[in-house]
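Next up, the structure:
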């Protein structure tokens with residue numbers, strides 16, 4: 001099995017086996033555009049994301065003089081009233097419990113008060129409720145957004161300087177944007193709650209997808225460094241070869257990155273239900289997979305497409321064509 | 335001698351890594367044994383619990399606060415709490431009246447005072463200014479040239495620049511100045527501080543004279559488009575201040591003095607910093623405009639380079655400086671972890687299962703080489719653990735569940751450095767190189783890729799750390815930490831280990847289970863025994879053989895010239911010799 005995979009790598013490396021990432025760019029772009037459009041439309045049609053208590057604020061219950069400080073009791077009590085909620089239960093100073101949930105209606109508040117009183121074995125007047133504001137306020141979001149914009153601009157500059165072409169920067173940023181939008185779209189379509197953990201996940205995905213693209217683009221840079229003097233392959237073919245040559249790396253890396261995340265998502269969060277673990281691992285799971293695919297199917301073909309019209313490269317492509325018609329009689333190359 | 339180089343360098347590098355690890359362990363052990371810190375990382379609010387304080391904001395002069403002021407209060411508190419380290423405090427409002435702060439651990443009296451203090455705004459004249467970076471050691475004023483103490487005549491007098499003040503000013507680095515905090519400097523003494531970098535303007539540092547006008551003397555502040563001479567509206571945003579009677583009187587004297595500096599230095603074209611006054615909030619400069627005129631009516635207008643947003647911000651800050659909000663701690667109680675213990679437990683169990691899968695996958699993919707991956711990850715894990723423990727001690731860095739998950743995710747990115755490296759080595763083997771040469775060439779190429787891609791991660795970490803607040807800042811910290819740990823491990827462990835392994839028989843001869851078996855990799859070895867050397871026929875027929883040598887070659891196209899082949903053979907032979915020597 002491993003040998004098979006090694007042979008797969010060898011064939012990709014020499015070009016014997018090749019997947020046409022660049023040549024079929026139109027199909028991939030079309031798929032990407034459709035997915036992005038769906039991901040943008042979904043939250044618009046649904047009226048926004050399902051934002052968690054940290055963004056919107058919510059209801060807070062305080063239960064005093066409880067018999068037991070078990071957090072499970074409070075969680076179960078909340079689930080009896082609202083099935084889908086992800087409450088946060090904490091014990092405050094001795095025998096007081098604090099339970100936070102999404103904003104509840106008046107009826108739900110009354111029901112939950114009763115349910116909590118029963119669960120903790122106290123009378124109803126020992127349960128008080130109030131509203132709490134968001135912990136992740138507008139100021140936090142604003143600063144995070146500023147940070148994000150500054151980062152993307154600096155990253156674009158860094159890549160443009162390193163690769164010595166702004167077109168690679170643009171293609172990488174486009175790939176990252178596609179990844180981000182689709183990841184966010186999954187949260188909107190699945191109606192998963194967006195919590196600070198999910199936002200942290202989005203940010204991780206952001207840096208992961210750019211990182212992944214830089215690794216593949218560095219191979220493209222190596223392969224195309226001598227393009228002007230080479231007549232073996234056209235520019236687009238070189239780009240495609242580079243993507244194929246790094247394909248084993250892409251598969252291995254995404255597997256290694258996704259395995260722990262999948263374990264947390266399916267084993268950890270699967271057993272526990274909603275919570276920090278699920279929000280974070282879901283964003284990462286989707287983001288790592290989409291990010292790896294976006295590098296292969298969006299960023300690399302886009303880069304080849306951005307440079308298709310350059311006069312130096314069209315001249316080179318003609319030379320390749322000429323050489324090929326000359327050697328056609330010779331045995332086919334590998 | 336020259337050829338024993340790589341092995342010796344590799345061994346020395348590994349020793350450095352051991353030394354680094356031991357040094358970090360020693361510091362952690364020292365802290366733990368002296369009782370100053372623990373053996374384990376500090377945990378954040380969600381995992382460990384902490385203290386919850388309910389604060390009632392009080393605005394001087396009026397009983398209650400409105401929603402706007404409450405939001406401002408949250409912002410002030412967040413700045414102050416974040417200024418005391420990366421602690422991921424939770425700050426929220428309750429019932430539209432109170433601010434609730436939950437922070438891990440038990441806050442010290444110092445922290446409590448800091449939170450309770452009201453915002454401190456005042457106006458100070460600028461004595462001197464400079465770029466926000468420290469003056470290089472060599473260019474600093476020598477001890478004998480430092481000014482001798484004299485008695486200052488007024489708040490702008492350069493006599494305030496005593497030897498201590500000059501030294502502090504030259505050494506000050508604006509980028510390390512606390513983000514938040516509410517330090518209270520002595521209003522009768524000069525202040526050395528910064529205007530933090532913002533809106534694309536770099537940070538500037540100042541020496542400021544004693545306080546002349548207090549924030550309480552501001553009646554109100556507004557912002558709007560500047561009015562031209564004939565009452566026409568221009569496109570320039572401006573911030574307007576209105577002082578009370580006291581403020582008007584003092585401000586008139588101040589602007590008289592400052593405007594003199596302005597006129598003497600040549601008006602608009604001059605750049606004497608003494609013509610400026612600084613608006614200072616919690617010991618940081620918000621803005622330092624020049625006094626273009628003597629303000630007699632107590633209604634100065636600040637103009638120049640404002641956008642609508644920045645004008646609004648300054649105007650808001652001036653207003654809440656004028657209405658100092660103080661906080662009364664109504665209750666302070668311990669609070670348990672907000673996440674049940676089972677969340678952490680399940681997270682760790684799932685993480686371990688994930689790690690196990692990674693081990694299985696690496697061994698399956700890379701055979702014996704997979705162990706190098708696994709050991710590298712273990713080394714990275716140890717370094718990260720020590721770093722987090724140390725930072726918990728030094729920087730109050732606390733690990734939240736999101737942080738734990740972030741670390742587990744970092745496995746993927748760390749392993750990627752090795753994967754990139756291994757794949758490059760395999761590519762070199764496919765070219766028909768010996769393992770020793772393949773490792774060296776592969777490393778040269780992988781190094782570039784690894785550095786370039788980690789630079790992206792580090793950039794994300796640094797930018798988010800300096801710009802963002804709250805949770806995002808903690809995340810950025812973890813991201814940066816793992817990126818650095820990764821680089822350390824690749825350079826100090828993985829590469830030297832491979833250099834040594836390449837000289838062993840098991841890997842060097844490409845054992846079936848080494849993961850670097852040239853046969854499996856489809857390479858045709860250069861030397862095939864019985865005096866046969868790879869010939870041109872063994873390779874696929876190709877076009878012209880090119881002797882072109884370039885840094886980034888197109889290896890699929892590349893074919894070896896005779897000279898290169900001989901060189902490679904010589905290298906391989908010498909490599910084997912060296913290995914033999916070292917084994918003794």
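Residue numbers (this note's numbering), protein chains in the order written: chain P, 1 to 334; chain W, 335 to 918. The C-beta atom is built at its ideal place from N, Cα and C for all residues, glycine as well. Note that this is a predicted model, so its numbers are computed, not measured.
Inter-residue spacing [alpha-carbon to alpha-carbon] between residue i and residue j
i	j	result
residue 66 of chain P	residue 684 of chain W	33 Å
residue 189 of chain P	residue 38 of chain P	9 Å
residue 346 of chain W	residue 352 of chain W	10 Å
residue 593 of chain W	residue 625 of chain W	5 Å
residue 355 of chain W	residue 816 of chain W	15 Å
residue 457 of chain W	residue 632 of chain W	14 Å
residue 193 of chain P	residue 280 of chain P	11 Å
residue 568 of chain W	residue 87 of chain P	53 Å
residue 408 of chain W	residue 392 of chain W	13 Å
residue 774 of chain W	residue 187 of chain P	45 Å
residue 6 of chain P	residue 142 of chain P	48 Å
residue 436 of chain W	residue 446 of chain W	12 Å
residue 759 of chain W	residue 286 of chain P	31 Å
residue 821 of chain W	residue 746 of chain W	14 Å
residue 201 of chain P	residue 277 of chain P	10 Å
residue 571 of chain W	residue 650 of chain W	14 Å
residue 389 of chain W	residue 449 of chain W	9 Å
residue 218 of chain P	residue 528 of chain W	40 Å
Classification of residue i by the beta-carbon crowding that lies within 10 angstroms, buried from 16 upward
i	result
residue 580 of chain W	exposed
residue 757 of chain W	buried
residue 31 of chain P	exposed
residue 536 of chain W	exposed
residue 322 of chain P	exposed
residue 19 of chain P	exposed
residue 839 of chain W	exposed
residue 339 of chain W	exposed
residue 638 of chain W	exposed
residue 809 of chain W	buried
residue 479 of chain W	exposed
residue 106 of chain P	exposed
residue 778 of chain W	exposed
residue 128 of chain P	exposed
residue 575 of chain W	buried
residue 292 of chain P	buried
residue 103 of chain P	exposed
residue 837 of chain W	buried
residue 494 of chain W	buried
residue 914 of chain W	With a pLDDT of 42 at residue 914 of chain W, under the threshold of 50, the modelled position of this residue cannot be trusted; read the value that follows with caution. Residue 914 of chain W comes out exposed.
residue 316 of chain P	buried
residue 723 of chain W	buried
Opposing strand residues paired with residue i [DSSP bridges]
i	result
residue 71 of chain P	Answer is none; residue 71 of chain P lacks a bridge partner.
residue 680 of chain W	DSSP lists no partner for residue 680 of chain W.
residue 424 of chain W	W/436
residue 528 of chain W	W/539
residue 822 of chain W	DSSP output for residue 822 of chain W lists no bridge partner at all.
residue 388 of chain W	W/434, W/665
residue 289 of chain P	DSSP output for residue 289 of chain P lists no bridge partner at all.
residue 91 of chain P	P/97
residue 102 of chain P	P/58
- What residues in the stretch 109–120 of chain P bring their beta carbon closer than 9 Å to a beta carbon of chain W? The residues in question: there are none.
- Residues in the stretch 779–792 of chain W with C-beta within 9 Å of chain P's C-beta atoms, listed in sequence order? Answer set for the stretch 779–792 of chain W: 779, 782, 783, 784, 786, 787, 788, 789, 790, 791.
- Message: Counting only Cβ-Cβ distances shorter than 9 Å, please list the residues of the stretch 174–198 of chain P near chain W, keeping chain order.
- Response: Answer in chain order: 196, 197.
- Listed from N- to C-terminal order along the chain, which residues in the stretch 657–669 of chain W have their beta-carbon within a distance smaller than 7 Å of any beta-carbon of chain P? Sequence-ordered contacts of the stretch 657–669 of chain W with chain P read 667, 668, 669 [C-beta pairs closer than 7 Å].
- Query: Of the residues that make up the stretch 689–717 of chain W, which ones have a beta carbon closer than 8 Å to any beta carbon in chain P?
  - Reply: Interface annotation for the stretch 689–717 of chain W against chain P: 689, 691, 692, 695, 696, 698, 699, 701, criterion Cβ-Cβ distance under 8 Å.
- Query: What residue ranges within the stretch 550–602 of chain W form continuous beta strand (DSSP E) runs of no fewer than 3 residues, ordered along the chain?
  - Reply: The stretch 550–602 of chain W contains these whole beta strand (DSSP E) runs: 552–561, 567–577.
- Query: Can you list, in chain order, the residues of the stretch 539–564 of chain W whose Cβ is nearer than 7 Å to any Cβ on chain P?
  - Reply: Going along the stretch 539–564 of chain W in chain order, one finds no residue with a Cβ nearer than 7 Å to chain P.
- Query: Mind listing which residues of the stretch 745–778 of chain W have their C-beta closer than 8 Å to chain P's C-betas, in chain order?
  - Reply: The residues in question are 745, 746, 747, 749, 750, 753, 754, 757, 760, 761, 764.
- Which runs of the beta strand (DSSP E), 3 residues or longer, sit entirely within the stretch 196–241 of chain P? Runs of the beta strand (DSSP E) lying entirely within the stretch 196–241 of chain P, each at least 3 residues long, are absent.
- Task: For the stretch 138–151 of chain P, enumerate the residues whose C-beta is nearer than 7 Å to any C-beta of chain W, in chain order.
- Result: Of all residues in the stretch 138–151 of chain P, those with a C-beta nearer than 7 Å to a C-beta of chain W are 139, 140, 143, 144, 146, 147, 150, 151, reading in chain order.
- Task: Can you check the stretch 352–389 of chain W for any beta strand (DSSP E) of at least 3 residues that lies completely inside it and give the ranges in chain order?
- Result: Segments of the beta strand (DSSP E) lying fully in the stretch 352–389 of chain W: there are none.
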